[in-house]
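Residue numbers (our numbering): 197 to 701. Note that beta-carbon positions come from the ideal geometry of N, C-alpha and C, so glycine has one too. What follows is a single structure, written as structure tokens, with notes after it.
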Amino acid sequence: MPSNELAIRFTEGKYATKSEVGKELKMSMFDNIWSNILNYRASYNRYLSIKSIEKNQLVVCFCPSINALVNSADMKLIRLMKEQSRLSVTNGEVNRFEDECLIRCLKQVAAEHQCEASDNYIRSLIHGDIKEVSPDVRILSRYLDALNYVKRYHVNTIDVDFLAEIYSRLLGTSELTSFYRTTEDANRENRVLIDRIYTSAPVYLIEGMMDSLFTFISTSTLSAATKASIAYYYINYIRPFSTFSDEVALLIAKAILAHDGLSELGVLLPLESLLVEQQEEITRLFVEVQKTCDTTYFVNFALKQMEGKCDDLFNFIAEMKATTMKQDFYREDKSAPTQSVQQSLFDVINEPEPAPAPVYVTPVQPTPVQPAPAPVQPAPQPQVVVEQPKVEEVKPVVQPVPQEEPVSQQEQIAVAYIPPAIDEKQALRLEQHLLELDPSLRKHEARFYARHCTLGKSYTIAQYKRMIGCVYETARTAMDHLVELGYYRKDSSNKKFIYTPIPRK
197 MPSNELAIRF TEGKYATKSE VGKELKMSMF DNIWSNILNY RASYNRYLSI KSIEKNQLVV
257 CFCPSINALV NSADMKLIRL MKEQSRLSVT NGEVNRFEDE CLIRCLKQVA AEHQCEASDN
317 YIRSLIHGDI KEVSPDVRIL SRYLDALNYV KRYHVNTIDV DFLAEIYSRL LGTSELTSFY
377 RTTEDANREN RVLIDRIYTS APVYLIEGMM DSLFTFISTS TLSAATKASI AYYYINYIRP
437 FSTFSDEVAL LIAKAILAHD GLSELGVLLP LESLLVEQQE EITRLFVEVQ KTCDTTYFVN
497 FALKQMEGKC DDLFNFIAEM KATTMKQDFY REDKSAPTQS VQQSLFDVIN EPEPAPAPVY
557 VTPVQPTPVQ PAPAPVQPAP QPQVVVEQPK VEEVKPVVQP VPQEEPVSQQ EQIAVAYIPP
617 AIDEKQALRL EQHLLELDPS LRKHEARFYA RHCTLGKSYT IAQYKRMIGC VYETARTAMD
677 HLVELGYYRK DSSNKKFIYT PIPRK
């Protein structure tokens with residue numbers, strides 16, 4: 197068989213790996229054939245702006261078969277979005293669809309963390325009927341919180357601040373005491389020097405690789421499904437956090453789908469099966485992508501998974517509409533009689549009356565009628581006028597409202613004095629003075645410090661975030677900058693950072 201036909205066969209028919217080609221051909225030496233396959237794919241390769249740990253550029257191959265798969269997945273996602281938009285709000289189809297999607301998502305998360313939760317429990321959790329969540333299923337409420345955040349703010353730019361919000365919600369805290377991983381992976385595979393397979397990126401590369409990922413997300417013109425698949429692989433490749441890296445990767449992938457046109461459907465699509473199903477196959481594909489820098493192996497798998505989820509939701513929508521139509525068809529209208537009753541009434545009304553039987557009557561002689569006497573007129577009675585007694589109007593008695601007696605004793609408070617504070621005019625003067633005195637101080641930092649500089653008090657990142665109206669990562673950076681400039685001293689307490697003002701001249 198000519199080599200070009202083999203290249204088409206192992207690219208278009210099946211995007212095969214080198215080992216799969218050798219197994220199918222039953223050959224151990226096929227370097228020339230594999231080189232021809234790579235040369236055929238090279239004409240369709242598209243280089244990405246993200247790189248591997250060894251600084252090799254990642255690629256994706258848009259050969260005809262993969263390109264057709266990308267178009268098919270995009271069309272199914274668009275069609276599913278149209279079907280979702282046609283659901284009725286009045287008969288509850290929209291709520292049933294969203295509940296079903298979220299239940300499927302959370303059930304997979306529960307399976308990953310080995311916690312038991314029934315559909316009714318998850319539905320109650322979705323609707324907020326459960327106030328106290330037990331520790332063994334706490335991850336479900338936190339993941340739901342992160343999912344709802346992505347659903348509400350999917351129009352925002354996907355950057356480090358967006359990532360910090362997701363990660364903090366997964367941890368169940370409003371303030372992060374740490375962010376990217378600071379310890380190396382202890383896996384023994386990381387010690388291999390030849391043909392090394394990384395289970396995570398080195399600590400010193402995490403921030404730079406994540407920044408390149410955010411640039412790729414914001415600038416790439418690939419389809420939403422393709423971009424989401426590549427981002428999911430890349431975050432799992434880096435593993436930037438000590439915990440919940442898998443969940444963060446999936447939430448970022450969903451955010452990409454929602455941000456790039458699918459809106460809420462991108463969040464509701466139950467892709468959480470990637471966390472628990474076919475893990476051996478996913479691991480094998482991850483290793484293959486790492487060896488070859490060709491993301492097509494995983495993109496091919498992920499797009500087929502998305503198509504499968506779309507088909508499942510199509511079936512659910514069809515079943516839901518069929519159930520609704522059946523209920524509407526068999527719903528009894530008690531205000532009107534049924535057709536059988538109407539027909540029976542019609543028959544009774546229009547039934548002809550039977551002919552009367554003949555009756556024989558004996559003639560009788562008529563009796564003479566005597567004239568009636570004239571009626572006697574009664575004598576007129578004198579008219580008696582009865583005077584009606586006057587009824588006095590009864591006025592309602594209004595009871596006076598009892599007035600509360602003033603408290604004779606003055607209420608006591610635990611603090612013996614009111615702490616001093618500066619008014620807004622003084623704060624503005626101090627803010628302007630700080631900006632003129634220290635050029636390295638930013639305007640928002642001076643604004644916060646001018647109102648939070650009381651000695652003996654401690655302030656948090658959350659206070660800066662609320663006052664300035666920024667995201668967590670910006671607030672953390674600003675407070676750390678104030679520490680560097682000598683305005684605060686940084687300490688930690690109860691798993692959060694606190695900042696204490698330092699006396700200044």
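ask   = Using a Cβ-Cβ cut-off of 7 Å (strictly less than) and excluding sequence neighbours within five positions of residue 243, which residues of its own chain qualify?
value = Cβ neighbours of residue 243 beyond the five flanking positions: 253, 255.
Requested in this report: Using 7 Å as the cut-off, classify the Cβ of residue 434 as near or not near the heavy atoms of the ligand GTP, replying yes or no.
Outcome: The ligand GTP is absent from the structure shown, which contains no ligand whatsoever.
(request) Under 8 Å Cβ to Cβ from residue 752, same chain only, skipping five residues before and after it: list those, please. (result) The requested residue 752 is not part of the displayed model; the chain covers only 197 to 701.
Tell me the DSSP secondary structure of residue 692 in three-state form. In the three-state DSSP reduction, residue 692 falls in the strand class (E or B).
request  = Indicate whether the contact test is met: 3 or more Cβ pairs, each with one atom in the stretch 354-367 and one in the stretch 458-476, closer than 8 Å.
outcome  = The stretch 354-367 is not in contact with the stretch 458-476.
query = Can you list the alpha helix (DSSP H) stretches of 4 or more residues lying completely in the stretch 614-696, in chain order?
reply = Unbroken alpha helix (DSSP H) runs of no fewer than 4 residues, entirely contained in the stretch 614-696, are found at 620-633, 639-647, 657-664, 668-680, following chain order.
To the nearest angstrom, report how far apart residue 425 and residue 663 are at their CA atoms.
-> Rounded to whole angstroms, residue 425 to residue 663 spans 38 Å at the Cα level.
| Going straight from the alpha carbon of residue 696 to that of residue 353, what length do you get? | Annotation: residue 696 to residue 353 spans about 33 Å, alpha carbon to alpha carbon.
Exercise. Assess, as a yes-or-no matter, whether the stretch 620-628 is touched by the stretch 640-659 under the definition of 3 or more beta carbon pairs within less than 8 Å.
Key: The stretch 640-659 vs the stretch 620-628: in contact.
Residue 252 lies in the beta strand (DSSP E); which residues open and close that run?
Counting along the chain, residue 252 falls outside any beta strand (DSSP E), and DSSP gives it neither H nor E.
For residue 698, does the three-state DSSP call read helix, strand or coil?
-> When DSSP states are grouped into helix, strand and coil, residue 698 belongs to the coil group.
Along the chain, which unbroken stretches of the alpha helix (DSSP H) at least 4 residues long are found entirely within the stretch 397-441? Runs found: 399-415, 420-434.
Compare the Cα-Cα distances from residue 515 to each of 406, 296, 475 and report the closest residue.
The option with the nearest alpha carbon to residue 515 is 296.
ask   = Secondary structure at residue 490, three-state DSSP: helix, strand or coil?
value = Strand, per DSSP.
task: Could you please give the first and the last residue of the uninterrupted alpha helix (DSSP H) stretch that includes residue 240?
output: For residue 240, there is no enclosing alpha helix (DSSP H), since its DSSP letter is neither H nor E.
TODO: State the DSSP-derived secondary structure class of residue 257, mapped to helix, strand or coil.
DONE: In the three-state scheme derived from DSSP, where H, G and I count as helix and E and B as strand, residue 257 is classed as strand.
query: According to the neighbour-count rule (16 or more other Cβ atoms, all chains shown, within 10 Å of its Cβ), is residue 201 buried or exposed?
result: Exposure of residue 201 is indicated by the presence of fewer than 16 other C-beta atoms within 10 angstroms of its C-beta.
Going by the beta-carbon positions, is the gap between residue 471 and residue 509 smaller than 8 Å?
Contact annotation: residue 471 and residue 509 have beta-carbon atoms that are not nearer than 8 Å.
- With residue 674 and residue 638 assumed to form a contact (beta carbons below 8 Å), what rounded beta-carbon distance in angstroms separates them? The beta-carbon distance between residue 674 and residue 638, rounded to whole angstroms, is 7 Å. This is short enough to meet the 8 Å contact definition.
Check whether the Cβ atoms of residue 431 and residue 438 lie closer than 8 Å to each other. The criterion of a C-beta distance shorter than 8 Å is not satisfied by residue 431 and residue 438.
_Applying the 10 Å Cβ sphere with the 16-neighbour rule, what's the burial state of residue 215?_
Exposed, since its Cβ has fewer than 16 Cβ neighbours within 10 Å.
Original post:
Taking 8 Å as the CB-CB limit, is residue 485 close to chain B?
Top reply: The chain labelled as chain B is not found in the depicted structure, where only one protein chain is given.
| request: Less than 8 Å between the CB atoms is what I'm expecting for residue 376 and residue 436, so what's the real figure, rounded? | output: Going by Cβ atoms, the distance from residue 376 to residue 436 rounds to 5 Å, so yes, they are a contact pair.
Run the CB neighbour count on residue 285, radius 10 Å, all protein chains shown included, and call it buried at 16 or more, exposed below. Around the CB of residue 285, fewer than 16 other CB atoms lie within 10 Å, so the residue is classed as exposed.
Is the stretch 450-458 in contact with the stretch 343-363, if contact means three or more CB pairs nearer than 8 Å?
Counting C-beta pairs with one atom in each stretch, the stretch 450-458 and the stretch 343-363 have three or more that are closer than 8 Å, which means they touch.
(message) Measuring alpha carbon to alpha carbon, tell me which residue in 219, 229, 259 is nearest residue 211.
(response) Nearest C-alpha to residue 211: 259.
>> Does residue 462 pass the burial test, meaning 16 or more other C-beta atoms within 10 Å, or should it be called exposed?
In response: For residue 462, the number of other beta carbons within 10 angstroms of its own is at least 16, and it is reported as buried.
Quiz item: Taking just the CA atoms, how far does residue 393 sit from residue 487?
Solution: Cα to Cα, the separation comes out at about 8 Å.
Member of 306, 326, 407 whose CA lies at the smallest distance from the CA of residue 332 | For the options 306, 326, 407, the alpha carbon positioned closest to that of residue 332 is the one of 306.
Item checked: For residue 533, three-class secondary structure by DSSP -> A caution first: residue 533 carries a pLDDT of 48, below 50, which makes its placement in the model too unreliable to give a value.
Item checked: Pairwise C-alpha distance: residue 309 and residue 443 -> Here the alpha carbons of residue 309 and residue 443 stand approximately 11 Å from one another.
Which residues in the same chain have their Cβ closer than 6 Å to the Cβ of residue 203, if we skip the five residues on either side of it in sequence?
These residues qualify, in order along the chain: 232, 233, 236.
How many Å lie between residue 693 and residue 657 at the Cα?
Taking the straight line from one Cα to the other gives about 7 Å.
Could you tell me which whole beta strand (DSSP E) segments of length 3 or greater appear in the stretch 440-473? Here no run is fully enclosed.
- Where residue 246 falls: helix, strand or coil (DSSP): Three-state result, residue 246: strand.
Between which residues of its own chain and residue 302 is the CB-CB distance below 6 Å, once the five residues before and five after are set aside? Closer than 6 Å at the Cβ level, and outside the excluded window around residue 302, lie 318, 336.
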